[in-house]
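Numbering (full-length UniProt numbering) for the sequence shown: 1 to 137. Before any comments, here is the structure.
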Amino acid sequence: MWLLVGKSAPQEFLNKLVYVAVTHDPRILMIDTARAYSAGEKYYVEVDIIMAQEETLKVTHDVSQTLQRKLEGLADVERAFVHVDYDDLHDIFEEHKPLYEIQEPKVPIYERVRERFKRQPNEREDVADTNPTSSSA
């Protein structure tokens with residue numbers, strides 16, 4: 001049997017995921033995203049839920065964990081991933097912004113030394129010419 005990996009699930013299956021998620025716990029305020037992709041004969045499922053910002057980490061973790069287990073209990077689900085957020089406004093330029101400035105990589109020291117010794121002898125700053133002990137008396 002030919003199965004295309006990564007193909008989106010039918011709308012009826014996505015509707016079922018949304019229903020399971022929205023009825024799972026009253027503290028889930030909204031379902032932001034529900035996706036399902038084929039993985040062999042079953043689906044990988046991703047659900048993004050919105051919960052109140054004031055909820056504790058323990059509560060949000062426990063709700064998302066039990067929802068994940070419930071989704072993985074469905075016959076057609078191979079693996080489920082549940083992401084919790086406190087708002088549904090997602091600015092991709094802000095959300096995926098690096099936490100620090102990206103700097104240009106510096107030239108490694110061995111390359112700088114190699115470049116210096118590749119120069120012609122008259123271009124190098126030889127210290128032997130300025131050494132006072134090498135002068136004849």
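Cβ atoms here follow ideal geometry from the backbone N, Cα and C, with glycine treated the same way.
In this structure, how does DSSP classify residue i when only helix, strand and coil are distinguished?
i	result
Val63	helix
Arg69	helix
Leu29	strand
Arg116	helix
Ala39	strand
Identify the residues that DSSP records as bridge partners of residue i: which are they?
i	result
Ala80	Val45
Ile50	Met30, Asp85
Quick one: is residue i buried, meaning 16 or more other Cβ sit within 10 Å of its Cβ, or exposed?
i	result
His61	exposed
His90	exposed
Val20	buried
Leu67	buried
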